[in-house]
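Visitor:
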Amino acid sequence: MVYAHPLMQVAAWLLGLYALALAWPRVASLHLGRSRRFDRRRHQVLGLAALGLMLLGTLGGALMGRLYLGAWLSSGAHAWGGLLILVLGLWGLGSGLMLANRPRPRRLLPLLHGLGNLLLLVLALFQARGGRALLLTLAGSGQ
0 MVYAHPLMQV AAWLLGLYAL ALAWPRVASL HLGRSRRFDR RRHQVLGLAA
50 LGLMLLGTLG GALMGRLYLG AWLSSGAHAW GGLLILVLGL WGLGSGLMLA
100 NRPRPRRLLP LLHGLGNLLL LVLALFQARG GRALLLTLAG SGQ
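Each residue of the sequence shown is one higher than the one before, counting from 0 in numbering that gives the first Met the number 0.
(1) Could you tell me the alpha carbon to alpha carbon distance between L122 and L107, rounded to whole angstroms?
(2) Find the nearest neighbour of A78 within the set R101, L110, G129, judged by alpha-carbon distance.
(3) Cα separation between G64 and S28?
(4) Under DSSP, the alpha helix (DSSP H) around L72 begins and ends at which residues?
(5) Counting Cβ pairs, one atom from each stretch, are 3 or more of them under 8 Å apart for the stretch 98–112 and the stretch 70–87?
(6) Which same chain residues, not among the five before or five after T57, have their C-beta less than 6 Å away from its C-beta?
(7) I'd like the list of long-range same chain contacts for R25, defined as Cβ closer than 6 Å, with 5 residues on each side in sequence excluded.
(8) Please classify M97 as buried or exposed, where buried requires at least 16 other C-beta atoms within 10 Å of its C-beta.
(9) Is P102 helix, strand or coil by DSSP?
(10) Going by CA-CA distance only, name the one from A22, W12, R40 that's closest to A49.
(11) Between A18 and G46, what straight-line distance do the alpha-carbon atoms span, to the nearest angstrom?
(12) In the structure shown, what three-state DSSP assignment does F37 receive?
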(Lines of atoms letter the chains of each structure in order from A and count residues from 1; the text may use other names and numbers.)
(Lines give C-alpha, C1' and ligand atoms only; values in the text may rest on other atoms or scores of the structure.)
Protein backbone atom coordinates (compact mmCIF):
# COMPACT_ATOMS: atom_id res chain seq x y z
CA MET A 1 0.00 0.00 0.00
CA VAL A 2 2.92 2.34 0.65
CA TYR A 3 3.76 2.35 -3.08
CA ALA A 4 0.31 3.56 -4.24
CA HIS A 5 1.01 7.25 -3.57
CA PRO A 6 4.34 7.48 -5.43
CA LEU A 7 3.04 5.46 -8.38
CA MET A 8 -0.01 7.73 -8.70
CA GLN A 9 2.20 10.82 -8.53
CA VAL A 10 4.60 9.54 -11.18
CA ALA A 11 1.68 8.74 -13.50
CA ALA A 12 0.16 12.18 -12.85
CA TRP A 13 3.52 13.86 -13.50
CA LEU A 14 3.96 12.07 -16.82
CA LEU A 15 0.43 12.97 -17.91
CA GLY A 16 1.14 16.56 -16.85
CA LEU A 17 4.27 16.65 -18.99
CA TYR A 18 2.24 15.46 -21.96
CA ALA A 19 -0.41 18.12 -21.32
CA LEU A 20 2.39 20.70 -21.12
CA ALA A 21 3.79 19.56 -24.46
CA LEU A 22 0.31 19.88 -25.98
CA ALA A 23 0.01 23.42 -24.58
CA TRP A 24 3.22 24.69 -26.15
CA PRO A 25 1.61 25.56 -29.53
CA ARG A 26 -0.92 27.71 -27.65
CA VAL A 27 1.87 29.53 -25.82
CA ALA A 28 3.64 30.09 -29.13
CA SER A 29 0.54 31.55 -30.76
CA LEU A 30 -0.57 33.71 -27.82
CA HIS A 31 2.77 35.05 -26.64
CA LEU A 32 5.37 34.50 -29.35
CA GLY A 33 3.38 35.49 -32.42
CA ARG A 34 3.69 32.09 -34.10
CA SER A 35 0.58 30.53 -35.54
CA ARG A 36 0.33 26.90 -34.44
CA ARG A 37 -2.41 24.30 -34.19
CA PHE A 38 -3.50 23.72 -30.58
CA ASP A 39 -5.21 20.40 -29.82
CA ARG A 40 -7.41 21.96 -27.16
CA ARG A 41 -9.60 18.92 -26.50
CA ARG A 42 -6.69 16.52 -25.95
CA HIS A 43 -4.95 19.09 -23.72
CA GLN A 44 -8.14 19.45 -21.65
CA VAL A 45 -8.66 15.71 -21.23
CA LEU A 46 -5.02 14.99 -20.34
CA GLY A 47 -4.74 18.04 -18.10
CA LEU A 48 -7.89 17.04 -16.23
CA ALA A 49 -6.58 13.50 -15.84
CA ALA A 50 -3.15 14.71 -14.68
CA LEU A 51 -4.50 17.23 -12.18
CA GLY A 52 -7.19 14.86 -10.91
CA LEU A 53 -4.67 12.08 -10.39
CA MET A 54 -2.19 14.50 -8.78
CA LEU A 55 -4.84 15.70 -6.33
CA LEU A 56 -5.97 12.17 -5.51
CA GLY A 57 -2.36 11.14 -5.04
CA THR A 58 -1.74 14.13 -2.78
CA LEU A 59 -4.73 13.26 -0.63
CA GLY A 60 -3.56 9.65 -0.61
CA GLY A 61 -0.13 10.80 0.52
CA ALA A 62 -1.68 12.75 3.38
CA LEU A 63 -3.62 9.66 4.40
CA MET A 64 -0.47 7.53 4.17
CA GLY A 65 1.31 9.98 6.47
CA ARG A 66 -1.54 9.74 8.95
CA LEU A 67 -1.63 5.94 8.85
CA TYR A 68 2.09 5.20 8.80
CA LEU A 69 3.57 8.13 10.72
CA GLY A 70 0.71 8.70 13.15
CA ALA A 71 -0.21 12.32 12.45
CA TRP A 72 -1.29 14.68 9.69
CA LEU A 73 1.56 16.65 8.08
CA SER A 74 4.08 14.50 9.93
CA SER A 75 6.55 14.10 7.06
CA GLY A 76 7.90 17.64 7.38
CA ALA A 77 8.77 19.55 4.23
CA HIS A 78 7.35 16.79 2.03
CA ALA A 79 3.93 17.21 3.64
CA TRP A 80 4.01 21.00 3.32
CA GLY A 81 5.07 20.68 -0.31
CA GLY A 82 2.07 18.41 -0.76
CA LEU A 83 -0.20 21.16 0.58
CA LEU A 84 1.27 23.58 -1.95
CA ILE A 85 0.69 21.00 -4.69
CA LEU A 86 -2.91 20.71 -3.50
CA VAL A 87 -3.41 24.48 -3.80
CA LEU A 88 -1.71 24.64 -7.21
CA GLY A 89 -3.71 21.65 -8.44
CA LEU A 90 -6.98 23.27 -7.39
CA TRP A 91 -5.88 26.48 -9.17
CA GLY A 92 -5.04 24.47 -12.29
CA LEU A 93 -8.40 22.71 -12.26
CA GLY A 94 -10.40 25.86 -11.57
CA SER A 95 -8.65 28.04 -14.12
CA GLY A 96 -8.66 25.22 -16.68
CA LEU A 97 -12.38 24.65 -16.25
CA MET A 98 -13.00 28.39 -16.62
CA LEU A 99 -10.95 28.46 -19.83
CA ALA A 100 -12.77 25.40 -21.17
CA ASN A 101 -16.31 26.39 -20.23
CA ARG A 102 -16.12 30.11 -20.99
CA PRO A 103 -14.11 30.31 -24.20
CA ARG A 104 -13.14 33.78 -25.36
CA PRO A 105 -9.95 35.47 -26.49
CA ARG A 106 -7.70 35.76 -23.44
CA ARG A 107 -4.02 36.19 -22.75
CA LEU A 108 -3.54 36.60 -19.00
CA LEU A 109 -5.62 33.71 -17.63
CA PRO A 110 -4.07 31.09 -19.95
CA LEU A 111 -0.62 32.39 -18.98
CA LEU A 112 -1.38 32.22 -15.24
CA HIS A 113 -2.97 28.79 -15.69
CA GLY A 114 0.10 27.49 -17.48
CA LEU A 115 2.60 29.03 -15.06
CA GLY A 116 0.76 27.58 -12.07
CA ASN A 117 0.72 24.13 -13.64
CA LEU A 118 4.37 24.40 -14.65
CA LEU A 119 5.24 25.34 -11.06
CA LEU A 120 3.23 22.32 -9.89
CA LEU A 121 5.22 20.00 -12.16
CA VAL A 122 8.54 21.44 -10.99
CA LEU A 123 7.51 21.20 -7.33
CA ALA A 124 6.35 17.62 -7.84
CA LEU A 125 9.77 16.77 -9.23
CA PHE A 126 11.43 18.18 -6.10
CA GLN A 127 8.90 16.34 -3.94
CA ALA A 128 10.07 13.06 -5.48
CA ARG A 129 13.45 13.37 -3.76
CA GLY A 130 12.00 13.78 -0.28
CA GLY A 131 9.35 11.20 -1.03
CA ARG A 132 11.98 8.69 -2.07
CA ALA A 133 13.73 9.07 1.27
CA LEU A 134 10.41 8.60 3.10
CA LEU A 135 9.57 5.56 1.00
CA LEU A 136 12.92 3.96 1.72
CA THR A 137 12.46 4.63 5.44
CA LEU A 138 8.93 3.18 5.51
CA ALA A 139 9.74 0.20 3.29
CA GLY A 140 12.91 -0.51 5.27
CA SER A 141 11.10 -0.44 8.59
CA GLY A 142 8.64 -3.09 7.44
CA GLN A 143 5.60 -0.84 7.59
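For every residue, glycine included, the Cβ atom is placed at its ideal position computed from N, Cα and C.
Guide: A quick look at the data gives this:
(1) So the two alpha carbons sit approximately 22 Å from each other.
(2) G129
(3) 43 Å
(4) No alpha helix (DSSP H) holds L72; DSSP gives it neither H nor E.
(5) no
(6) G81, I84, L85
(7) F37
(8) exposed
(9) Three-state result, P102: coil.
(10) In this structure, W12 is the residue among A22, W12, R40 with its C-alpha nearest to the C-alpha of A49.
(11) So the two alpha carbons sit approximately 5 Å from each other.
(12) Look at F37 here: in three-state DSSP terms it is coil, with no helix or strand label.
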